[in-house]
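Sequential numbering of the sequence shown, starting at 0, is according to numbering that gives the first Met the number 0. Below is one structure; the comments refer to it alone.
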Amino acid sequence: MTAMGMARIPPGTSAASFDLPSLDGGRMGSKDFAGKVVLLNFWATWCGPCKDEMPSLGRLREQLDPNVFAVVTMTTDVQADGIRRFLAQLRVTLPVLFDEQQDVSRAFMVRGLPTTFLIAADGTVLARAVGPREWDSAAAVALMQQALGQK
């Protein structure tokens, strides 16, 4: 985790549950990702570092098995059309959930953007990164594979 500059979270810390509207018009929640390792990213369209790291999140998602790994993004932005334009400009396709009231952000104690959490398949939080990362780097892929129990 230190290779990615991620802070370890005390063992046994459970991820907050959530159920939020999604950019595709439906709803998604923590139950939809049960049994998967999840990289949960909090971001906003006005956040320059978020824009910088977003393409690497998309590339990471493409490298790992979607049956066991998910990249999930949450934003407090409320303009769906603006988010769609933002993602299209970056050529990124990721699930986007709306945390309009910032309830989930508060539950995860997000203090700055971007903030990313690595969540184990059992729902425990493994680590947190504040600030942008190259999520498709060799170190990041190795970290995700470690969380997945792969080498």
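C-beta atoms are modelled at their ideal positions from N, C-alpha and C, and glycine is treated no differently. Owing to the predicted nature of the structure, the values given are computational and were not obtained by experimental measurement.
Per DSSP, what kind of secondary structure is residue i in: helix, strand or coil?
i	result
Ile8	coil
Pro186	Outside the modelled stretch of the chain, which goes from 0 to 150, sits residue 186, for which no answer is possible.
Asp23	coil
Leu59	helix
Gly47	helix
Trp32	This sequence places Phe at residue 32; Trp is not what is there. Phe32 falls in the helix class under three-state DSSP.
Met53	helix
Lys150	At Lys150 the pLDDT is 46, less than 50, meaning the model places this residue with poor confidence; the figure from the coordinates comes in the next sentence. Coil.
Under 6 Å Cβ to Cβ from residue i, same chain only, skipping five residues before and after it: list those, please.
i	result
Val109	Phe41
Met5	Ala126 and Ala128
What number of angstroms, rounded off, separates the C-alpha of residue i from the C-alpha of residue j?
i	j	result
Gln88	Met73	18 Å
Ile82	Gly28	19 Å
Trp45	Val67	31 Å
Gly85	Leu147	It is worth fixing the name first, because residue 85 is Phe in this sequence and not Gly. C-alpha separation (whole angstroms): 30 Å.
Ala38	Val70	Looking at the sequence shown, residue 38 is not Ala but Leu. In a straight line, the C-alpha of Leu38 is about 5 Å away from that of Val70.
Leu63	Thr114	21 Å
Lys150	Phe32	Reliability fails at Lys150, whose pLDDT of 46 lies under 50, so the model's placement of it is uncertain and no value is given.
Ala137	Gly34	24 Å
Pro48	Arg58	17 Å
Val77	Glu99	6 Å
Leu22	Pro54	17 Å
Leu19	Leu142	27 Å
Ile118	Ala139	14 Å
Can you give me the Cβ contacts of residue i inside the same chain, cut-off strictly under 7 Å, excluding the 5 residues immediately before and after it?
i	result
Arg60	Val70 and Leu93
Ala106	Ala15
Three or more C-beta pairs below 8 Å linking the region 114-123 and the region 3-14: yes
Segments assigned alpha helix (DSSP H), at least 4 residues, entirely inside the region 71-141: 79-89 and 102-106
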